[in-house]
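Per my numbering, residue 22 is the first one in the sequence shown, and the count goes up by one each step.
From the three backbone atoms N, C-alpha and C, an ideal C-beta is built for every residue, glycine too.
Here the structure comes first, spelled out in structure tokens, and everything after it is commentary.
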Amino acid sequence: MKKEGTFEEMKKRISELEKELAMRRRVEEDLRFSEKRFSSFMDRLPAAVFIKDTESRYVYVNRFYEDVLGVKGVIGKTADQIFPESLSRSMLLDDRKVLSGELRIREEKIEDAEGKERVFETHKFLMGGQKGLPLIGGIALDITERKKAEERLRASEERFRSIVENSHDGIVIIDGNFCLEYANDEICKMMGYGPEELVGTDFRKFLDEESLGYTVERYLKRQRDEEVPPRYEINFVRKNGEEIRVEASISIVSTEMGERRTIAQLLDITERKKAAEEKKKLEAQLRQAQKMEAVGTLAGGVAHDFNNVLQAILGYTQMLLLDRTEDDPVHAKLKRIENSAHRASELTQQLLTFSRKVESELRPLDLNSEVRQVQELLEKTIPKMIDIEMYLQEDLWIVNADPMQMEQVMMNLGVNARDAMPEGGKLVFETENVVLDRQYCAAHLGAKPGKFVLLSISDTGIGMDKDALDHIFEPFYTTKEVGKGTGLGLAMVYGIVKNHDGYIMCYSEPNKGTTFKIYLPVVESQSAKEKVIVEERELRGGGERILLVDDEELLRKMGKEILERFGYRVFTVRDGESAVEAYREREGEIDLVILDLVMPGMGGKRCLEELLCLNHSLKIVIASGYSVNGSTRDVVDAGAKGFIRKPYELTQMLGTVREALDSLPDTGKGENR
Ligand SMILES: Nc1ncnc2c1ncn2[C@@H]1O[C@H](COP(=O)(O)OP(=O)(O)OP(=O)(O)O)[C@@H](O)[C@H]1O
Ligand SMILES: [Mg+2]
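Below you can see the structure in the form of structure tokens.
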């Protein structure tokens with residue numbers, strides 16, 4: 022029984038053992054399979070996998086680890102036996118940290134088998150090992166390409182950022198709620214705000230009233246994807262309140278989140294706009310100047326020929342008049358022809374002044390004293406309900422001007438002002454020293470930089486509109502009734518000012534008033550004022566005896582007074598005959614003769630000749646109301662020592678007298694006579 026039992030038991034035991042064996046084989050097989058699967062999996066992993074023990078000795082590395090890093094036989098070694106110190110030190114340090122429970126991710130740069138540097142993102146973690154000791158597991162992912170791509174992206178972003186930040190255009194990004202999200206340096210400079218004041222602020226705050234409406238409308242349309250012009254101009258208000266004109270180029274972009282962003286590129290065109298406007302103004306001024314030049318040439322030509330025709334009409338009329346007595350019925354008609362011809366001659370004279378065919382006799386002049394004289398004249402002719410006010414600068418620079426013509430200019434402007442103020446008002450004369458700089462001259466055609474005396478004449482009258490202003494200097498432009506104005510007043514003023522190398526401008530507003538500004542160049546080598554004073558001293562006489570010949574009593578008296586005050590002794594006679602006689606009587610006592618040209622009797626010219634016969638070296642000065650360059654020239658050339666303009670004008674008269682007296686006696690000319 023026992024045996025039987027034993028055999029049975031044995032059989033059972035054997036089959037149990039066989040089962041167990043088979044199971045173990047199966048388990049072993051499974052294990053082998055699992056290990057094979059594990060390492061084949063590990064070896065195919067595109068990452069370096071390693072396992073270390075607590076002493077940081079490698080227990081396992083996969084094929085990638087060995088192949089890619091080019092290390093073999095690492096099992097049992099530590100990092101410092103495989104890698105350079107710089108790298109291994111941090112590897113070992115990291116291992117310590119992993120063991121102390123900190124999970125580590127680190128980027129490591131490791132040279133691969135081919136010597137190329139690769140970047141790994143290494144994850145380390147603790148895992149269970151044998152005998153209760155942990156192991157350090159690690160996976161190093163090769164992120165070289167990702168890093169490169171990131172670097173490229175970063176560089177490209179950097180590049181774009183630097184383009185935007187350093188752009189000479191202002192650049193802003195605006196979000197979907199009118200808010201500035203970004204503002205570059207340039208726009209901050211442009212607006213005078215710091216970036217912190219711009220970013221986060223509603224852009225509408227910076228627009229002026231005019232631009233606000235359409236800018237917001239376009240912004241909203243753009244948000245709705247509607248068509249809007251991409252480029253337009255807007256006005257911004259700077260922090261200091263100044264307005265600037267800006268050209269905006271707008272584009273719209275969508276973010277990854279699908280939000281819309283407005284990108285505005287802004288260029289400050291304030292200066293450019295100003296320059297363009299200035300240019301337009303200058304072109305208008307040029308057109309105006311060319312027009313005036315053309316009209317001047319035309320008018321001058323017509324007036325010149327017309328004057329000759331008038332001279333003939335006048336001449337023959339006067340000849341006919343000689344043959345008629347006043348009771349002759351034709352006499353009155355001829356007189357009328359003569360008067361009309363005179364009037365026509367006046368007109369042509371005015372036209373000639375406009376077209377600068379009349380010479381200006383320029384000399385150093387204190388404009389203030391001319392203004393005062395005109396004031397006296399105007400006060401007599403202008404109605405009392407017009408107040409004349411004067412604001413004359415002290416120490417006004419001396420200008421180079423013709424006093425008669427200046428008087429004419431002021432009278433014409435004064436009379437116009439009177440006509441513009443039928444109900445009364447204010448007429449203001451102002452003088453001022455001004456220096457025109459390049460900037461001013463760049464904006465005003467014909468103006469030259471330098472020192473000027475500015476004469477302004479303003480009224481508080483009816484004023485003019487822009488259209489009228491464009492024409493006022495043209496000859497025959499008048500808004501006055503027939504018979505009240507010929508439209509030559511301002512044309513003459515224009516011609517005279519141009520002849521003085523000056524320039525004139527008119528500002529006017531309907532119902533407010535009008536101001537004419539005249540700039541006259543100052544005499545070169547300033548301190549001319551001093552020159553005048555010095556001259557005055559040099560003008561004094563030293564008891565020289567002068568014979569003054571003039572048929573007009575008033576002028577005789579005045580001339581005598583002036584000359585005596587300046588240290589001369591003066592005898593006066595009223596005509597040529599008495600002059601010759603007086604000279605004969607007092608020969609040797611007379612140092613100089615001042616001789617009027619137009620006198621009844623023998624007249625100046627013959628008187629000159631006779632006096633020179635008596636003493637060929639006698640110093641004679643001619644005085645005349647005509648220009649020295651006209652018919653007077655040959656008389657002066659016939660042996661006179663100088664020419665004095667009439668009406669007598671102090672410095673000119675004294676200067677000429679002094680010069681003639683100081684000149685050497687002219688012998689050669691007289692002996693040949
Ligand atoms: N101070 C002013 N205020 C308003 N309008 C003026 C003034 N000065 C001139 N004008 C306008 O300019 C026009 C031309 O002036 P201008 O002196 O050349 O001619 P006029 O006064 O009409 O005639 P004239 O001067 O030949 O007698 C005037 O008719 C007037 O319309
Ligand atoms: Mg006038």
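Check: When the Cα atoms are used, what is the spatial distance from residue 547 to residue 472?; Outcome: Here the model assigns residue 547 a pLDDT of 49, short of 50, so the residue's position is not dependable, and the following value carries that caveat. Approximately 9 Å between the Cα atoms of the pair.
Check: Between residue 513 and residue 371, what straight-line distance do the alpha-carbon atoms span, to the nearest angstrom?; Outcome: 6 Å
Check: Helix, strand or coil for residue 500? Go by DSSP, reduced to three states.; Outcome: coil
Check: Tell whether a beta-carbon distance below 7 Å holds between residue 341 and residue 355.; Outcome: yes
Check: Alpha helix (DSSP H) containing residue 219: first to last residue?; Outcome: 216-219
Check: Quick one: give me the first and last residue of the alpha helix (DSSP H) that residue 334 is part of.; Outcome: 291-343
Check: Going by beta carbon distance, what residues of the same chain come within less than 7 Å of residue 554, once the five residues before and after it are set aside?; Outcome: Residue confidence for residue 554 is low, a pLDDT of 46 falling below 50, so the modelled location carries little weight and cannot support an answer.
Check: How big is the Cα-Cα spacing for residue 85 and residue 162?; Outcome: 11 Å
Check: Rounded to the nearest angstrom, what separates residue 261 and residue 286 at their Cα positions?; Outcome: 22 Å
Check: Within this structure, are the beta carbons of residue 208 and residue 191 separated by less than 7 Å?; Outcome: yes
Check: Rounded to whole angstroms, what's the CA-CA distance from residue 310 to residue 485? Just pull it up for me.; Outcome: 20 Å
Check: Using the rule of at least 16 other Cβ atoms within 10 Å of the residue's Cβ for burial, across every protein chain shown, is residue 634 buried or exposed?; Outcome: exposed
Check: Give me, in chain order, the residues of the same chain whose beta-carbon lies closer than 8 Å to that of residue 335; leave out the 5 immediate sequence neighbours on both sides.; Outcome: 359, 362, 363 and 366
Check: Just to confirm, does residue 435 get its C-beta within under 6 Å of one of the non-hydrogen atoms of ligand 2?; Outcome: no
Check: Could you please give me the residues that DSSP links to residue 472 through a beta bridge?; Outcome: 456
Check: For residue 256, which of helix, strand or coil comes out of DSSP?; Outcome: strand
Check: Where do the N-terminal and C-terminal ends of the beta strand (DSSP E) with residue 617 fall, by residue?; Outcome: 613-617
Check: Where does residue 697 sit, in a helix, a strand or coil, going by DSSP?; Outcome: Nothing about residue 697 can be reported from this structure: the residues present for the chain run from 22 to 694 only.
Check: Tell me, to the nearest whole angstrom, how far the beta carbon of residue 477 is from that of residue 534; I am working on the premise that it is less than 8 Å.; Outcome: With a Cβ gap of about 12 Å, residue 477 and residue 534 do not count as contacting.
Check: Could you name the residues of the same chain whose beta carbon sits closer than 7 Å to that of residue 281, not counting the 5 residues immediately before and after it, in chain order?; Outcome: 197, 244, 273 and 275
Check: I need the straight-line Cα distance from residue 677 to residue 353, nearest angstrom please.; Outcome: 45 Å
Check: How far does the alpha helix (DSSP H) with residue 657 in it reach, from first residue to last?; Outcome: 654-658
Check: Starting from the C-beta of residue 328, find all residues in its chain whose C-beta is less than 6 Å away, skip the five residues before and the five after it, and write them out in chain order.; Outcome: 369
Check: Going by DSSP in three states, residue 684 sits in which element: helix, strand or coil?; Outcome: coil
Check: Whose C-alpha, out of 148, 56, 32 and 44, is nearest the C-alpha of residue 73?; Outcome: 148
Check: Taking contact to mean at least 3 C-beta pairs separated by less than 8 Å, is the segment 382-398 in contact with the segment 417-432?; Outcome: yes
Check: Would you check if the distance between the CB atom of residue 679 and the CB atom of residue 560 is smaller than 7 Å?; Outcome: yes
Check: If you draw a straight line from the alpha carbon of residue 202 to that of residue 194, how long is it in whole angstroms?; Outcome: 5 Å
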